[in-house]
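Everything on this sheet refers to the single structure shown next.
Protein chains: 2
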Amino acid sequence: MATMREVAKLAGVSVATVSRVLNQNGYVNQETEKRVKEAIQTLNYKPNEVARSLYKKSSRTIGLIVPDISNPFFPELVRAVEDVMNIYDYTVILCNSDEKGDKEKEYIDILKQRYVDGIILTTNQLTSEELSDINVPVVVLDRPLDHSFPSVVANNYEGARMATNYLYKQGCRRIAHIQGPLHVVNALERFRGYQDEMKSLGLWDETLVFIGNYQMSEAKIATMEALTNQKIDGIFAGNDVMAAGALKAAQQLGLRVPEDLAIIGYDNIPLAEMTTPELTTISQPIYDMGAIAARLLVKKIEGKPIDQIHHVLPVKLVRRESTR
Amino acid sequence: MATMREVAKLAGVSVATVSRVLNQNGYVNQETEKRVKEAIQTLNYKPNEVARSLYKKSSRTIGLIVPDISNPFFPELVRAVEDVMNIYDYTVILCNSDEKGDKEKEYIDILKQRYVDGIILTTNQLTSEELSDINVPVVVLDRPLDHSFPSVVANNYEGARMATNYLYKQGCRRIAHIQGPLHVVNALERFRGYQDEMKSLGLWDETLVFIGNYQMSEAKIATMEALTNQKIDGIFAGNDVMAAGALKAAQQLGLRVPEDLAIIGYDNIPLAEMTTPELTTISQPIYDMGAIAARLLVKKIEGKPIDQIHHVLPVKLVRRESTR
Numbered sequence: 002m003a004t005m006r007e008v009a010k011l012a013g014v015s016v017a018t019v020s021r022v023l024n025q026n027g028y029v030n031q032e033t034e035k036r037v038k039e040a041i042q043t044l045n046y047k048p049n050e051v052a053r054s055l056y057k058k059s060s061r062t063i064g065l066i067v068p069d070i071s072n073p074f075f076p077e078l079v080r081a082v083e084d085v086m087n088i089y090d091y092t093v094i095l096c097n098s099d100e101k102g103d104k105e106k107e108y109i110d111i112l113k114q115r116y117v118d119g120i121i122l123t124t125n126q127l128t129s130e131e132l133s134d135i136n137v138p139v140v141v142l143d144r145p146l147d148h149s150f151p152s153v154v155a156n157n158y159e160g161a162r163m164a165t166n167y168l169y170k171q172g173c174r175r176i177a178h179i180q181g182p183l184h185v186v187n188a189l190e191r192f193r194g195y196q197d198e199m200k201s202l203g204l205w206d207e208t209l210v211f212i213g214n215y216q217m218s219e220a221k222i223a224t225m226e227a228l229t230n231q232k233i234d235g236i237f238a239g240n241d242v243m244a245a246g247a248l249k250a251a252q253q254l255g256l257r258v259p260e261d262l263a264i265i266g267y268d269n270i271p272l273a274e275m276t277t278p279e280l281t282t283i284s285q286p287i288y289d290m291g292a293i294a295a296r297l298l299v300k301k302i303e304g305k306p307i308d309q310i311h312h313v314l315p316v317k318l319v320r321r322e323s324t325r
Numbered sequence: 002m003a004t005m006r007e008v009a010k011l012a013g014v015s016v017a018t019v020s021r022v023l024n025q026n027g028y029v030n031q032e033t034e035k036r037v038k039e040a041i042q043t044l045n046y047k048p049n050e051v052a053r054s055l056y057k058k059s060s061r062t063i064g065l066i067v068p069d070i071s072n073p074f075f076p077e078l079v080r081a082v083e084d085v086m087n088i089y090d091y092t093v094i095l096c097n098s099d100e101k102g103d104k105e106k107e108y109i110d111i112l113k114q115r116y117v118d119g120i121i122l123t124t125n126q127l128t129s130e131e132l133s134d135i136n137v138p139v140v141v142l143d144r145p146l147d148h149s150f151p152s153v154v155a156n157n158y159e160g161a162r163m164a165t166n167y168l169y170k171q172g173c174r175r176i177a178h179i180q181g182p183l184h185v186v187n188a189l190e191r192f193r194g195y196q197d198e199m200k201s202l203g204l205w206d207e208t209l210v211f212i213g214n215y216q217m218s219e220a221k222i223a224t225m226e227a228l229t230n231q232k233i234d235g236i237f238a239g240n241d242v243m244a245a246g247a248l249k250a251a252q253q254l255g256l257r258v259p260e261d262l263a264i265i266g267y268d269n270i271p272l273a274e275m276t277t278p279e280l281t282t283i284s285q286p287i288y289d290m291g292a293i294a295a296r297l298l299v300k301k302i303e304g305k306p307i308d309q310i311h312h313v314l315p316v317k318l319v320r321r322e323s324t325r
C-alpha cells in the first residue's frame, strides 16, 4: 500500500500539505490540491483511517445499540441503518443490549473509546439525564426518551386505536389485548391506544388485558387461559409474534380464525405472511424508520441543518386473513 | 477523562512505561507494573483505543460480512458472534454484502482501513485466491471456500440425506426438492445429499427438482406449479422459509399436510414453530456455529494454538407436524 510520504513525493509537496488536503483544513492552493489528488489516484493511496480518526477524533464508524438482533423486528431496521450509513461511507458497530441498562452503559463507553462518530439507540433503559454527558451525536430510534435527542418512531398510539376500531367494525365486542413488556415504551403506547379506543366505544374492561411480553410462547399460554375463562371475539396483539402465538392457541382450542375469533397483530414483519391464516396487522414502516434515523445521524455528525428533529411516522392497516 | 500523563505522574513513572504496561511489550518490572495498574484503577483511566490501535495496528474490532441480516437465518448467527466477541472485548462491524462480490471486496477494503483485527465471512462470492492477500485473520462461516481458511459449517450433505430418507420412511415415494440459489454452496450440498439419497433409494427423477432461491414466494409459486403438474407426496425444502411457501401452496390447493403431502424444511429458525402445522425440519446449530467461528477468530488474532481448523457440526431431525 502507498504511504502518505510517497504521495507527497510524487506531488512534490510536503507531507503536511497532503494531510491538509486529506483533512480538508488549512489553506492549500487549488493547483497544489489538484496535484495531490492526482498523486493519490495514481498511487491508489488509501488513507490510514485509524491515524485520521486519531487526528480528527472521528472513525467514520457509528454504534447501533439494539435490544436483540434475533427479535424479528430488528433485522430490517438494522439493515436500513447499515444501507444508509454505507452510502455515506460510515461502518456500523452492532451491539445487543438485551434491554439491560448496565450493558447499554458499557457499550456506550466502549463505543466512545472507539471514537465512534455517533450512536443510534433503540432502547430506553437509560434516561436522558444518564445520557446527558454522552458527548457524541445520538439519535433515538423506535423508543423515544424525551425531547433532548432527535428521534424516529412510528405512531404506536394511533396504530393501536386503528387496530381496535377495525375489530369493532368487524363486529367484535369482547376485544382482548395482549400487551408487550411493561417497561417498553412502545408497548405502553399501544396499550394506551387500545384502552382509549375501548373506552370511547364503551367497551373497556380491564379483565380483557393480558401480558405476552412480545414472546410467542407467553402469548400462546396467556391466550389459552383467557379463551378458556371468558368470552372473547377479537384479539389485538401488541406485535405479530404474539399474534402468531394467539393464533396457535385458538387453533389448539378448535376455534376458527377469523370466524370465531378475529386476530390482528402489529409490526408487519415477514412472519405475518407466513402463518395460515395470514395475519391482518398494523404495518410499521420499519425500513424507513431505520433509514431516516441514519440520515438524521449523518446530518448531526456533519453539522448540517436538520429540518425536523422528531419524526413520528404514520402506520397503516394491512388486511389479510385473520380478520373477516 | 484521565490521561496517560496523569497515570504516569500518579505512578511515578514515565509515559513510555505506562505505554509498555498497557501494550504488554518491552520490559517493566513487576513492582512498577503493579503501581501503574493501581494508578489506572484509581484514576479510572480508559486507554484511548484509537491511539492504541494505531500503535498496535489493532482496533479490538472485527468485521462480520453476511449476505443480508434480514434473511431470517442470520440474526441468530450474528447474535452469537457478537456475544462471544463481547466476552473477549471486541466490537463487531456488521456488513451486508447481498451476495455481491464487488460489495464484499469493497467491505474488506473498508474493514482493513479501519484496522479490524479479523474478519468473519459468511459469503462465498470471492475465491480463496482473491482473498489470498487479505492480510488479516479470516474465519469462514456457513459457506466454506476451500482449505486455506479456518471454517465452521454444518453438515449440509448429511442433513439433506437425513431429510429425504425420513420422508421415504414415512411412505413417500415421489419426493420433490425445492432448491436454494444455484451459486450458494450450502444449497448445492443439500441438493447433492437429496440426489444421492434418492439415487440410493432408486427414486431419483430430475423432474422432481425445482428452484425456490431460498425465498418464500418463489417456493410457493414453484410448488403450486409442481403440484398441479405431477404426483408428489413429499417435499424436502432447502430451507424453512421455502418450506413455509410450499405449505401455503399445498393449503391453497386444498391438500392436507401431512396426510396428502409431507413437508420437511431445513435450518430450524423460529419460523418453523410459527406455521400451522409446525414444520418438521433439519436443525442446524446456528448459535453454536457463530460462537465457534468467533472463538476461532479470537484464537487466530491472539496467535493461540488452534486444535481444529475445520469444523463440520452435526445436524439433527426435529419432528413436528408437517410430517406424519
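Protein sequences, first through last, are from chains H and D. If you're matching positions, the first sequence starts at 2 in my numbering and goes up one per residue. If you're matching positions, the second sequence starts at 2 in my numbering and goes up one per residue. Even for Gly, the Cβ is constructed at its ideal location relative to N, Cα and C. In this text, all values refer to a predicted model and were calculated from it rather than measured experimentally.
Cβ distance (whole Å) where residue i is taken to contact residue j below 8 Å
i: Ala245 of chain D; j: Met217 of chain D; result: 6 Å
i: Asp147 of chain D; j: Ser129 of chain D; result: 5 Å
i: Phe150 of chain H; j: Tyr195 of chain H; result: No, Phe150 of chain H and Tyr195 of chain H are not in contact; Cβ-Cβ is about 27 Å, not under 8 Å.
i: Glu207 of chain H; j: Gly213 of chain H; result: With 8 Å as the limit, Glu207 of chain H and Gly213 of chain H do not qualify as a contact, their Cβ atoms being about 16 Å apart.
C-alpha gap between residue i and residue j, whole angstroms
i: Glu322 of chain H; j: Ala263 of chain H; result: 9 Å
i: Leu297 of chain D; j: Pro306 of chain D; result: 10 Å
i: Asp90 of chain D; j: Pro271 of chain H; result: 34 Å
i: Val29 of chain D; j: Thr4 of chain D; result: 20 Å
i: Arg162 of chain H; j: Glu77 of chain H; result: 25 Å
i: Ala250 of chain D; j: Asn269 of chain H; result: 21 Å
i: Val19 of chain D; j: Ile222 of chain H; result: 58 Å
i: Asp134 of chain H; j: Gly172 of chain H; result: 52 Å
i: Asp118 of chain H; j: Gly304 of chain H; result: 12 Å
i: Thr282 of chain D; j: Val299 of chain H; result: 43 Å
i: Lys101 of chain D; j: Leu314 of chain D; result: 27 Å
i: Leu11 of chain H; j: Asn136 of chain D; result: 27 Å
Whether residue i touches residue j by CB criterion (8 Å)
i: Ser60 of chain D; j: Tyr116 of chain D; result: yes
i: Val316 of chain H; j: Gly160 of chain H; result: yes
i: Ala177 of chain D; j: Leu209 of chain D; result: yes
i: Val93 of chain D; j: Tyr46 of chain D; result: no
i: Asp234 of chain D; j: Arg325 of chain D; result: no
i: Met290 of chain D; j: Ala164 of chain D; result: no
i: Arg144 of chain H; j: Tyr267 of chain H; result: no
i: Thr124 of chain H; j: Pro68 of chain H; result: yes
i: Arg193 of chain D; j: Tyr167 of chain D; result: no
Any C-beta of chain H under 8 Å from that of residue i
i: Glu77 of chain D; result: yes
i: Lys249 of chain D; result: yes
i: Lys106 of chain D; result: no
i: Glu83 of chain D; result: yes
i: Leu298 of chain D; result: no
i: Val186 of chain D; result: no
i: Thr124 of chain D; result: no
i: Asp118 of chain D; result: no
i: Met199 of chain D; result: no
i: Thr276 of chain D; result: yes
i: Lys305 of chain D; result: no
i: Ala245 of chain D; result: yes
Own chain partners of residue i with C-beta closer than 6 Å, once the 5 adjacent residues on each side are dropped
i: His311 of chain H; result: Ser152
i: Ala294 of chain H; result: Ile121, Val140, Leu142 and Val153
i: Asp84 of chain D; result: none
i: Lys113 of chain D; result: none
i: Ile287 of chain H; result: Glu77 and Leu78
Residue-chain proximity (residue i, chain D), Cβ-Cβ < 8 Å
i: Thr282 of chain H; result: no
i: Asn97 of chain H; result: yes
i: Gln196 of chain H; result: no
i: Lys221 of chain H; result: no
i: Met290 of chain H; result: no
i: Ala294 of chain H; result: no
Close-in-space but distant-in-sequence residues of the same chain around residue i (CB under 8 Å, 5 per side omitted)
i: Tyr215 of chain H; result: Asn72, Gly181, Pro182, Val185, Ala188, Gly239, Asn240, Val242 and Met243
i: Glu279 of chain H; result: Ala273, Arg321, Glu322 and Ser323
i: Pro48 of chain H; result: Met5 and Leu23
i: Ile70 of chain H; result: Pro76, Val79, Leu95 and Asn97
i: Arg21 of chain H; result: Gly27, Tyr28 and Val29
i: Gly16 of chain H; result: Correcting the residue type first, residue 16 of chain H is Val in the shown sequence and not Gly. So the qualifying residues of the chain are Met5, Arg6 and Ala9.
Spatial neighbours of residue i in its chain, beta-carbon cut-off 7 Å, leaving aside the 5 residues before and after
i: Thr276 of chain H; result: Ala245 and Leu248
i: Val82 of chain H; result: Leu65, Val93, Ile121, Gly291, Ala294 and Ala295
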